[in-house]
Each structure stands twice: as C-alpha cells, then as structure tokens.
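Engineer: This is the structure I want to talk about, given as structure tokens.
2 protein chains.
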Amino acid sequence: MPTCYDLNHIVNTKRMDWHTLIESQGFLEFIPGDLRKVTERRNIAAGEMLFRAGSSVCYLYCLLSGEVRLVRHDASGGRIVLQRSRGGFIAEASIDSKTYHCDAVAAENTRLLCFPLSEFLHALEGNAHFRTMWMALLAREVRKLRTRCERLSLHNAGERIVHYLESEGADGVLTLSQSRKAWAEELGLSHEALYRTLKKLAGQGRLKIEGKTISLLRSSDYQY
Amino acid sequence: MPTCYDLNHIVNTKRMDWHTLIESQGFLEFIPGDLRKVTERRNIAAGEMLFRAGSSVCYLYCLLSGEVRLVRHDASGGRIVLQRSRGGFIAEASIDSKTYHCDAVAAENTRLLCFPLSEFLHALEGNAHFRTMWMALLAREVRKLRTRCERLSLHNAGERIVHYLESEGADGVLTLSQSRKAWAEELGLSHEALYRTLKKLAGQGRLKIEGKTISLLRSSDYQY
DNA sequence: CGTACTTTTGAATCGCATCAAATCTGGTGG
DNA sequence: CCACCAGATTTGATGCGATTCAAAAGTACG
C-alpha cells in the first residue's frame, strides 16, 4: 500500500476536493509520520457500504471526495439519514465507542483516507501538537455547525442568504467554491428558490452578483 | 469566591438546567481540582454583554441556564445571530484564537461557569483523562449538530418529527425534557405547526402520545 | 386566585417546493 | 472544430404547507 506516499502527495499537491482540511490550517500536514505510515487510501463505489451498525470501530475515515451517508434503520424498515457528508472526518464521535451506531453508505463514488483507530488515538496521546490541531479542528467544526443550524432555522430564503454571506463571507463578500445548486442544498432551499431570491435581492440593491462572487451591499435594513 | 464549592455543588445536586453536561457522562465531574479552584460562577442579566468582538479571550464559558447569543455586526449596522445557546460551552472555537470574533449577549438572565482559558489549556495538557473527556465531548457535539442540520434540511414538519424521534429517541420512544414550544423551536417549526402535525401523525396511527412521552409506531411507509 | 406561560384550534395569507421546459455551460469524443 | 450530452441555470405556473395573527382553554406557580 503506497499509503505514506499518497498522503504526502495529497498534501503537497493540494489536489483534494475537500476544502475543510486545507482551510483548517492544513490539518493533514500535522499528521505524525507514524500515523501516516499506516494510513490507507480507499475508493468505494456508489452504493457500497463503508461500515455497518454494530460492527466494531477499527478506522477513522476522512472523506476526500464523493458523498457518504450515515443511515439508521428502525425495526419496521424506516430509513433515516443522520448525516450526508461530502468531506471531512466521518463519525468522529465513534472514537469513543466500541461499535458504530449507524450504517455508512457511499452515495457516489468516493475516495477516503482510513486511519487505524488505535494508531490515531496513540498519535493523539503522544503528540501534543497533533492533538492541539485535532481539538482545534473539532472546536471549529462545532462553531460552523452551530452557525449553520442557526441559519437553517431562519424561515426565509433572503435571510438565509444574507446570513450566509455575513457568517461565511469576508466582510459580506463571498466567492462560491461550488455550484449554486449545491449552495442551495447547503442553505436548505430548492435551487429555484435560491436563483429567484438572489435575483430579487440584487434587484433591490441589497447585493451584487458578479459571476461566482457575491457581495452584500447594505444589510442595515431588513426588508426582504 | 466559593468557586470550588459551587462546582461540586452543581455536580452533586445535578440541579442544573443544562442536560448536555450530565448526558455527556458528567463532564463537569472530570474537571481537575486545579481548574476547579479557579473556576468562577457568574450571573449576568438579560441584555448584558458577556464579551465583545475584538476583545481578548480570557475565559471559556459554560452556560448553565438562560440564553446567550453570539452576534456579528457588519459595517452598516446589520445584525446576524450566529448562535443562540441555551446550554453548554460557548465559543469553544475561541480556544485557538487571540480575540473573539463576535459579541456575546445574554438574551435572558443567565448563569455561567467561567474557566480561565490558560488554566483550562493547562489542564488539557496535563491531564490525559480530562483531555479524553473533552475530545469526546467535542466529537459528540459534532455528531449531534450534524444530525440536527440534516433534520433542519427536511422540508416537512412530519419528517422532522419522525427524524427527531428516530435519531434522539431510544428505539423511536422519547420523553421530552422540555416544553413542546421549545421543541418546536429546536425543530425549526412554529409551535402551532408542531401541535397540528403531532395530532395528524397520531391520528394516522404513526405515533402515540402519552403526556411527555412520544412513541413512533411504524415508520416503514413514508406517508406524511 | 391571579398571572404568566403553554397548549390548542381557527382562519387567512404567503412563500417555497414542485413540476415543467427552455437556455446556457463545460466537457467529451468523433 | 463541431456535435453532442450531462449538468447547471433560468423562468413560468401551480398548489400545498407552514407561518402568521388571533383567541380561547388549560396549566404551573407564587
């Protein structure tokens, strides 16, 4: 397994689709050599299963591209999506569990990194710097998710867009790294609603749209 | 300052309003004595400010009761709520920042614990057990928040309720620890919509409501 | 026993999802 | 280079469902 090479390659070329790792001050770069050596790369096809509820936790997964869904089934066959993940660590919470509490299924062809859990924990114990990065990563993830929940609680397309620009953008200016359709999904809107609301807000002079760059013009008065 | 006493008192009597701390295997109990000794208790009135954007990070706060909002202002006076917090740690992400990036204002009368940041970091460095608890707490928080985001992305009151019961309940059975009105807010619904949808689902035989306990009956067929 | 809050039901409105269809875009291969 | 295709973007029309406003009944608490 060309694991160590692969990981370095990913870090050095930055040819990953996942932004979070890079954004978070290049977390992958802080992975200690010992852990790197045993980290594996894996591709799974759409529909394939990554792990199953009840099976024991052996790996911590980091999603590089594609989509994985964490799904829970109930007795009568109901199916609940607990999480759709398009990047980042999957089921970090399973770190302190013996077995997985849900299934993980690939929704598309997916590339991931597999960290053997015991080695990962060992690295956290033994490497203060790595540990600090890991805690910072988790803490930042918590902040981002809380902000996203807050945004999804807004009952209005315009408010969600403005909230996004205010919270994710730099001073109200944001350059999309994704398609607007994908953005709509992140905002919990249909893509049509997003297009229309963007147009409306632009028509009201509330924001300016130049290709993938969107700027908030004046947010003082809330008149959606 | 009767800090150490207070903290023990809180832990021993469990008379806090915040469930998460207790739920998360009694995190407070794992706080090392050194940190306990310098932990302060604070009450702030509704409208009072806890910290201000740009001010340096001196404390890590843990909300015991009340509500604190993290708010960001833009140049033109726009006001965006990044987070409404009704319990748990506030702005953990500020752990790795020199200054706060938003304001924190109490929305109600609020009780909190104030951990001096340097002591907290010191405790994390020096106490492996405490550190493990902290990482587990963060990881579990991430999982909960991701699940909540997933739920808030559902465009349908019935689906959100079922999702909540499936993901937060034990085998589809859940006893509410809060009012239904508060639950509605957590679900991102108006309380009227929650009451009505509960009634509808009960009428369809999809769930059973006995006071504060709600059970999912059959979730195999999605007919909301 | 009064006050504040939750729970409940009703009615009206409006925004968003949904379905449909046309145009535009980037990327692929002939 | 062009034809082609899949996907994104855009606009239109329609209907449902949730919000909102309103008001009454129930409940907790001092």
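Just so you know, the sequences run in chain order W and S.
According to our numbering, the stretch in the first sequence is residues 1 to 224, in order.
According to our numbering, the stretch in the second sequence is residues 1001 to 1224, in order.
Backbone N, C-alpha and C fix where the C-beta goes; we use that ideal spot for every residue, glycine too.
None of these values were measured; they are calculated from a predicted model.
1) Of all the options 195/W, 128/W, 146/W, which has the alpha carbon lying nearest to the alpha carbon of residue 161/W?
2) Looking only at C-alpha atoms, which of 203/W, 208/W, 41/W, 193/W sits nearest to residue 114/W?
3) Would you say residue 168/W lies against chain S (beta-carbon separation less than 7 Å)?
4) For residue 149/W, go through chain S and note every residue whose CB falls closer than 9 Å to its CB, in chain order.
5) Between which two residues does the alpha helix (DSSP H) containing residue 1171/S stretch?
6) How big is the Cα-Cα spacing for residue 1082/S and residue 1182/S?
7) Could you compute how far the alpha carbon of residue 170/W sits from the alpha carbon of residue 1053/S?
8) Distance check for residue 1197/S and residue 190/W, CA to CA, integer angstroms please.
9) Where does residue 1080/S fall in DSSP's three states?
10) Quick check: what's the CA-CA separation for residue 108/W versus residue 1055/S?
11) Would you say residue 161/W faces chain S, with C-beta separation under 7 Å as the test?
12) With DSSP as the reference, label residue 100/W as helix, strand or coil.
13) Confirm, please, whether the CB-CB distance from residue 111/W to residue 179/W is below 7 Å.
14) What are the uninterrupted segments assigned as alpha helix (DSSP H) that are 4 or more residues long and contained completely in the region 1126-1195 of chain S, given in chain order?
15) Distance cutoff 7 Å, beta carbons only. Does residue 1140/S sit that close to anything in chain W?
16) With distances taken between CB atoms, is the gap from residue 1106/S to residue 1048/S smaller than 7 Å?
17) Under a CB-based cut-off of 7 Å, is residue 123/W close to chain S?
18) For the region 1053-1073 of chain S, which residues have a CB atom closer than 7 Å to at least one CB atom of chain W, in sequence order?
19) Quick check on this structure: which residue in 80/W, 59/W, 60/W has the alpha carbon closest to the alpha carbon of residue 1153/S?
20) Verify the CB distance criterion: does residue 943/S have a CB-CB separation below 7 Å to chain W?
21) When the cut-off is 7 Å and only beta carbons count, does residue 1095/S lie next to chain W?
22) Going along chain W, which residues have a C-beta under 7 Å from residue 1080/S?
23) Which value, in whole angstroms, describes the spacing of the CA atoms of residue 23/W and residue 1086/S?
24) Output the distance between the C-alpha atoms of residue 215/W and residue 176/W, rounded to the nearest integer angstrom.
25) Taking only three categories from DSSP, how would you classify residue 23/W?
26) With DSSP collapsed to three states, give me the class of residue 94/W.
27) Does any residue of chain W bring its CB to less than 7 Å from the CB of residue 1136/S?
28) With 16 other CB atoms within 10 Å as the buried threshold, where does residue 1103/S fall?
Structural biologist: Taking the geometry as given:
1) 195/W
2) 41/W
3) no
4) 1083, 1145, 1148, 1149, 1152, 1188
5) Note, residue 1171/S: premise wrong, no alpha helix (DSSP H); not H, not E.
6) 19 Å
7) 15 Å
8) 23 Å
9) strand
10) 45 Å
11) no
12) coil
13) no
14) 1128-1152, 1157-1168, 1180-1187
15) yes
16) yes
17) no
18) 1072
19) 80/W
20) The question about residue 943/S has no answer, for chain S in this structure spans 1001 to 1224.
21) yes
22) 163, 166, 167
23) Residue placement at residue 23/W is poorly supported in this model, since its pLDDT is 47, which falls under 50; the coordinates still yield a value, given next. Cα to Cα, residue 23/W sits roughly 29 Å from residue 1086/S.
24) 11 Å
25) Interpretation of residue 23/W is limited by its pLDDT of 47, a score under 50 that renders its predicted location unreliable; the figure taken from the coordinates is listed afterwards. In the structure shown, residue 23/W sits in a helix (DSSP, three-state: H, G or I).
26) helix
27) yes
28) buried
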